[in-house]
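Novice:
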Amino acid sequence: MCASCHGSQGEGNVATNSPALAGQEIWYLEAQINNFRKGRRGKHGDDIYGRQMQPMAMTLANDAAVKAVATYIASFSKPPASTTIKGDAAAGKARYMLCASCHGPDGKGIKARHGPGLLVQQDWYLVRQLQNFKKGIRGSDSKDIYGQQMRPMAMTLPDEKAVADVVAYISSLAR
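To convert a position in the sequence shown, counted from 1, into the working numbering, add 1071.
1) Pick helix, strand or coil for serine 1248, following the three-state DSSP scheme.
2) What residue does the alpha helix (DSSP H) around isoleucine 1119 start on, and which one ends it?
3) What whole-angstrom Cβ distance do arginine 1112 and arginine 1209 have, given they're in contact under 8 Å?
4) Are lysine 1138 and glutamate 1101 touching if we call contact CB-CB under 8 Å?
5) Quick check: the Cα distance between valine 1198 and phenylalanine 1204, rounded to an integer number of angstroms?
6) As a quick exercise: from Met1226, Gly1121, Ala1235 and His1174, pick the residue whose alpha carbon is nearest that of lysine 1157.
7) Would methionine 1221 be called buried (16 or more neighbouring beta carbons within 10 Å of its own) or exposed?
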């Protein structure tokens, strides 16, 4: 069922607003599927795409089913991501230093800090999620501890240019 939106190899699909899943770590995939299943994500009225994902995640009956799906998805190789966001990677590098404490200086993530790898994700999706955190569409549920930690970090990006610059820098790390 995931393939209809996320692609047969988890490559993501901008046309369905579905992020890449291939290349992401099992622990993060499980955490996000469970956030959707438990209503920590996808319940905000302005989260159009999250609201589409929530019922899909709820089709997984239990933790074993979530683990099986996450393990299967994690077996896919990360496809190359195309660059769609224009930003100043040099300016983004300076802003990214705050991000590095959880996502690593190389953007590969730090599990102990619950910071997922960012290099597996398309730039358009990263922009949308930073905007969602800034607007309180994501990370505002009191049970989403790590989303609540991410929200104030996104707020340090004062405008769309800063968001584009950070995402451009992250994209440069993936090359």
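In this text, a Cβ means the ideal position worked out from N, Cα and C, and glycines have one as well.
Since we're looking at a predicted model, the values are computed, not measured.
Specialist: Looking at the atomic coordinates:
1) Absent from the structure is residue 1248, since the part of the chain shown begins at 1072 and ends at 1246.
2) Looking at the DSSP string, the run of the alpha helix (DSSP H) that includes isoleucine 1119 is 1119-1128.
3) Indeed they touch by this definition, with Cβ atoms about 7 Å apart.
4) Taking 8 Å as the Cβ cut-off, lysine 1138 and glutamate 1101 qualify as a contacting pair.
5) Between valine 1198 and phenylalanine 1204, the C-alpha separation is close to 10 Å.
6) Nearest neighbour of lysine 1157 by Cα position, chosen from Met1226, Gly1121, Ala1235 and His1174, turns out to be Ala1235.
7) Taking all protein chains in view, the Cβ of methionine 1221 is crowded by 16 or more other Cβ atoms within 10 Å, so the residue is classified as buried.
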